[in-house]
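> After the structure tokens below, expect a handful of questions from me.
There are 2 protein chains.
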Amino acid sequence: MGHGGGGALSAELVQNVFAPAFGGEVLHRLGDAAALSLGGLRLAFSTDSFVVRPLFFPGGSIGDLAVNGTVNDLAVSGARAAYLSCGFILEEGVEIDTVTRVADALGAAARAAGVEVVTGDTKVVEAGHGDGIYINTAGIGLIPAGVDLRPQRVVPGDVVIVSGAIGVHGVAIMSVREGLEFGVEIVSDCAPLGGLVDAMLAVTRDLHMLRDPTRGGLAAALNEVAAAAGAGVVIEERKVPVPPAVANACAVLGLDPMYVANEGKLVAFVPRQHADAVVDAMRAHPRGAEAAIIGEVVRDHPGMVVARTGLGGTRVVDMPLGEQLPRIC
Amino acid sequence: MGHGGGGALSAELVQNVFAPAFGGEVLHRLGDAAALSLGGLRLAFSTDSFVVRPLFFPGGSIGDLAVNGTVNDLAVSGARAAYLSCGFILEEGVEIDTVTRVADALGAAARAAGVEVVTGDTKVVEAGHGDGIYINTAGIGLIPAGVDLRPQRVVPGDVVIVSGAIGVHGVAIMSVREGLEFGVEIVSDCAPLGGLVDAMLAVTRDLHMLRDPTRGGLAAALNEVAAAAGAGVVIEERKVPVPPAVANACAVLGLDPMYVANEGKLVAFVPRQHADAVVDAMRAHPRGAEAAIIGEVVRDHPGMVVARTGLGGTRVVDMPLGEQLPRIC
């Protein structure tokens, strides 16, 4: 299971199996989306498969995830998502009513994200060879001139900004899957980020790097960027927004919110001179109301992420090995 | 299972569930690939999921299918396939060696088809919730100026051409799955069709419609075009190339080769004045050596496909309801 968790084991599979077999120069960059040149245009192209259990959860469904997961990969590459493909793998015996509810959710999410589903495919596998519904989406979008978001542009001095509360999606899934109650219902943050990215790029096109911290959470996202940038990252633990309900649930479940998946948040690496203006623009947008500066990029400990704790100490924030919460997207 | 078979039940699912939920104007055209406008370019965009059993079969593997299935959907829309995405859903416990062999086959097929895999994703599901490996690919390509392939352009008088022997892929899968032997090994025709389409377009850009007859076979492809064109199709049964080994296997298995899937063939609807030149160009290409004119488009019986039998009679070639051979791609 760990090989699908978005952590070190996933990275190993890509680097040892997939990249040697079929990876070219673009795949080796390993961005959230591929930045391509086609007919003189700069395109972003990205794909994700969705195997979440259960299919419906507080705040969304596999249909919402299938849109927002791919749309957000395009958004954090700086592209305006334009078109989606959609492949369904249905398990024999799944209720048509369930398929319809998922399709309706997917359609509503696409309209909310301003993207059109233009091509699709359906396969059916025998009962016991699937799990109700799996969905794959791929998306394409145009990258505006002057936008160049990639971890290699991240340099010491850059400010690290997170767009809001972390850990919400993973805990929402776990609470419904395990039948746990934490006093208040924890609702997934699953949402499209294109509008927020537009607002940030309106401040300056010179953002260095964006990432949506999904599988592996904020910890995996920060580690991937630190490794690719060859720089260190220092964050102030108490500045990372964690809702009390999420903190409580994580304490009960034995989880660290830094490693829990998000589906409607991004982390940005921004030149220091633009940081305050970018945070202001984010806070003026509904998806960034709780945006916060959480740290900075440093010359020390390249490739490593360090958290300053509330008590004045420091701890290393490791790359997760596998996934503490399987099948949350 | 029938809803995934590419026949009438699949069409029902798309028309009653998916199109109302998330279909826009492009999806409603229901082509093999979507023809899009983006930044002033004409793009084709297509997706397919692959759930074939077994993963390896005579003439190919799920990795070859994953490339050629999507590349051919682009080719028959007239586009030059440029980039592929690739999403793997792995079942917990699948051997890394198996994943590596599939990935290697996928890489070799991509190189043979002249397409680059640029973005990917991997998910893992628990043992018993998958079937080794499922793959989704999506592909994008440019449509050259002057190329406009769609069933609405098909008119009475058009000549129907098939690029070679039909029924081979489905029978190859069934023979290995059921452990049947038919004297000679039947090898899948899984292959990329971009080069053949290029050769045809070099004769004239005024081809009306191409389709790759995969699930549902030649019968489903002809019926779909007849319905969308609002015209009738008449074929001469004895002109349809069926290899003796496929005919024998179909007799044993109780199948009609017209309904068996192909993975390296196309059917073309071509204006009469270009038909002979197009067939000559196809026969000069390795993937079209057995190209044959098999029939024509007529004003009579709009939406219906009729075969003239060797005995001088006629029979209706129905749209298949479901899939006689599940999970052949």
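In the order they appear, the protein sequences are chains C and B. In this text, residue positions in the first sequence follow the numbering used here: the first is 111, and each later residue adds one. In this text, residue positions in the second sequence follow the numbering used here: the first is 111, and each later residue adds one. Note that CB positions come from ideal geometry on N, CA and C, so glycine has one too.
1. So who's on the other strand from S171 of chain C, going by DSSP bridges?
2. Under three-state DSSP, which class holds V426 of chain B?
3. Along the stretch 224-237 of chain B, what residues have a CB closer than 9 Å to any CB found in chain C?
4. Do I296 of chain C and V350 of chain C come within 8 Å of each other at the CB atom, strictly closer than that value?
5. Which term fits A312 of chain B, buried or exposed, when burial requires 16 or more other beta carbons within 10 angstroms of its beta carbon?
6. Determine, using beta carbons only, whether V209 of chain C and L216 of chain C come nearer to each other than 8 Å.
7. Could you check the C-alpha separation between R190 of chain B and M319 of chain B for me, to the nearest Å?
8. The stretch 239-268 of chain C: which residues have C-beta closer than 8 Å to a C-beta of chain B, in chain order?
9. Along the chain, where does the beta strand (DSSP E) containing F160 of chain C start, and where does it finish?
10. For R382 of chain C, count neighbouring Cβ atoms within 10 angstroms of its own Cβ and tell me buried if that reaches 16, exposed if not.
11. Does the beta carbon of L175 of chain B come closer than 8 Å to any beta carbon on chain C?
12. How would you label L421 of chain C, buried or exposed, when you count the other beta carbons within 10 angstroms and need 16 or more for buried?
13. Nearest by alpha-carbon distance to V272 of chain C: which of C:P130, C:E406, C:D366, C:G112 is it?
14. Check whether the stretch 214-234 of chain C touches the stretch 260-274 of chain C, counting contact only when three or more Cβ pairs, one atom from each stretch, lie closer than 8 Å.
15. With 9 Å as the C-beta to C-beta threshold (strictly closer), list the residues of the stretch 185-198 of chain C near chain B in chain order.
16. Tell me whether the stretch 368-378 of chain C and the stretch 275-289 of chain C touch, counting them as touching only if at least three CB pairs, one residue from each stretch, are closer than 8 Å.
17. Going by beta-carbon coordinates alone, are S156 of chain B and I253 of chain B separated by less than 8 Å?
18. Taking the beta strand (DSSP E) that M392 of chain C falls in, what are its first and last residues?
19. Would you grab the beta carbon distance between A378 of chain C and V388 of chain C for me? Rounded to a whole angstrom, and I think it's under 8 Å.
20. How would you call S159 of chain B, buried or exposed, if buried means at least 16 neighbouring beta carbons within 10 angstroms?
21. Residues of chain C with CB closer than 8 Å to the CB of H113 of chain B, please, in chain order.
22. Straight-line CA distance for A357 of chain B to P367 of chain B?
23. Just to make sure I have the definition right: I need the residues of chain C whose C-beta is within less than 8 Å of the C-beta of D158 of chain B. Which are they?
24. At which residues does the beta strand (DSSP E) containing R190 of chain C begin and terminate?
25. Would you call the stretch 141-156 of chain C and the stretch 239-255 of chain C touching, i.e. three or more CB-CB distances under 8 Å?
26. Output, in chain order, the set of chain C residues within a Cβ distance shorter than 8 Å of I172 of chain B.
27. Could you give the distance in angstroms between the alpha-carbon of V235 of chain C and the alpha-carbon of I243 of chain B?
28. Hey, does L146 of chain B have any beta-carbon neighbour from chain C nearer than 8 Å?
29. What number of angstroms, rounded off, separates the C-alpha of G197 of chain C from the C-alpha of I245 of chain B?
30. Are three or more beta carbon pairs between the stretch 130-138 of chain B and the stretch 125-144 of chain C nearer than 8 Å?
31. Can you tell me the Cα-Cα spacing of L151 of chain C and D183 of chain C, whole angstroms?
32. Quick one: is R397 of chain B near chain C, going by C-beta distance under 8 Å?
33. Pick helix, strand or coil for E347 of chain C, following the three-state DSSP scheme.
34. Which residue wins for smallest C-alpha separation from G179 of chain B, given the options B:N333, B:V269, B:L303?
35. Distance check for I403 of chain B and Q434 of chain C, CA to CA, integer angstroms please.
36. Can you name the residues that DSSP bridges to T208 of chain C?
A quick look at the data gives this:
1. C:F166
2. strand
3. E226, V227, V228, T229, G230, D231, T232, K233, V234, V235, E236
4. no
5. exposed
6. no
7. 16 Å
8. H239, G240, D241, Y244, N246, A248, I250, L252
9. 151-160
10. exposed
11. no
12. exposed
13. C:E406
14. no
15. A192, Y193, L194, S195, C196, G197, F198
16. The count of Cβ pairs closer than 8 Å, one atom from the stretch 368-378 of chain C and one from the stretch 275-289 of chain C, reaches three, so the stretches are in contact.
17. no
18. Counting along the chain, M392 of chain C falls outside any beta strand (DSSP E), though it belongs to the alpha helix (DSSP H) covering 382-393.
19. 7 Å
20. buried
21. L200, T232, V234
22. 7 Å
23. G197, D231
24. 190-201
25. yes
26. In chain order: nothing, as chain C lies at least about 12 Å away.
27. The alpha-carbon atoms of V235 of chain C and I243 of chain B are separated by roughly 12 Å.
28. True, the Cβ-Cβ gap to chain C drops below 8 Å.
29. Cα-Cα distance, rounded: 10 Å.
30. no
31. In a straight line, the C-alpha of L151 of chain C is about 19 Å away from that of D183 of chain C.
32. It does not: the Cβ of R397 of chain B has no partner Cβ on chain C nearer than 8 Å.
33. helix
34. B:L303
35. So the alpha carbons of these two residues sit roughly 59 Å apart.
36. DSSP output for T208 of chain C lists no bridge partner at all.
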